[in-house]
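Residue numbers (my numbering): 237 to 547.
What follows is a set of notes on a single structure, which appears directly below.
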């Protein structure tokens, strides 16, 4: 099944068993999580019920000649009806004792093993999944429960799929995507519009101030070489009270991830990095960390959320 290709992709980190995810890692005592609270999951709505995969077709412009029709299968995010989506609040265990100054100032903190131009790396569209179906379903359920209807949503570092519930294009006022690959963005049928943007070349979001109610970023902040600048841009384009939702699992294109990410590959360390960006961006509420991973037969990849609101 082509939907499972990323789990075997040699460019990704090897799959990590859910049993080795956050909570059972050998972490310093300050990051131990025995006291993490379990939150009651909300009931799944009709938006994320039903068939687990869907085949969709989009017309993609290659710049010359007529559009090319692209058909591909994708997960709907419904997941297996037996899966559970209980949430654990990890905030007290992961976010504490912030330093007085931004800590990532070393020469190698934002260098990568592969410093080649990113547009070359993504020149050929990667219409594959970077997380498994369980992680997709966990994120889809979270979005369904957490993003208010009628919102203007911006999905940054977006690609051919955004993991929103299938009816989000009807429920939201707008869903705009930015990403490095224009071809992948054209394949994303959940977007009402998109703008190609390489945030490592120019870390500025091409939108006016206070344009969006929600900004999402799925398993991609680890590739940004100027993440604090990008987080300040996220704050700028959010309306007061708007939310930033950073989702993260345990996989990455290792050679394209920055040094602060690859230096410690534990889930707790990665959540701490994301929270640090939010904390030092200014104008955002204290970050919260939540384990939203799916559990049940067939699930493997963890899924975490680091979130905050514009003050």
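Cβ atoms here follow ideal geometry from the backbone N, Cα and C, with glycine treated the same way.
Each residue's CA atom was taken as its position, placing residue 439 and residue 291 some 34 Å apart. Under the DSSP assignment, residue 377 falls in the alpha helix (DSSP H) whose first and last residues are 369-382. In its chain, beyond the 5 residues on either side, 327 and 543 have a beta carbon closer than 6 Å to the beta carbon of residue 524.
Around the CB of residue 356, fewer than 16 other CB atoms lie within 10 Å, so the residue is classed as exposed. Collapsing the DSSP output to three states places residue 505 in a helix.
For the pair residue 476 and residue 545, the Cα-to-Cα distance works out to about 8 Å. Within the DSSP secondary-structure output, residue 541 pairs in a beta bridge with 483 and 526. Just so you know, the alpha carbons of residue 437 and residue 314 end up roughly 36 Å apart. Three or more beta-carbon pairs separated by less than 8 Å link the stretch 394-405 to the stretch 413-429, which places the two stretches in contact.
The residue among 494, 528 and 531 with its C-alpha nearest the C-alpha of residue 345 is 494. By the criterion of at least three beta-carbon pairs nearer than 8 Å, the stretch 526-533 is not in contact with the stretch 464-480.
Here the C-alpha atom of residue 466 lies approximately 16 Å from the C-alpha atom of residue 483. If the five residues before and after residue 511 are omitted, its C-beta is found closer than 6 Å to the C-beta atoms of 331, 523 and 542, all from its own chain and listed in chain order.
Close CB contacts of residue 472 within its chain, under the 6 Å cut and outside five residues either way in sequence, are with 445 (chain order). For residue 311, the secondary structure class from DSSP, reduced to helix, strand or coil, is strand. By the neighbour-count definition (other C-beta atoms within 10 Å, threshold 16), residue 369 is a buried residue.
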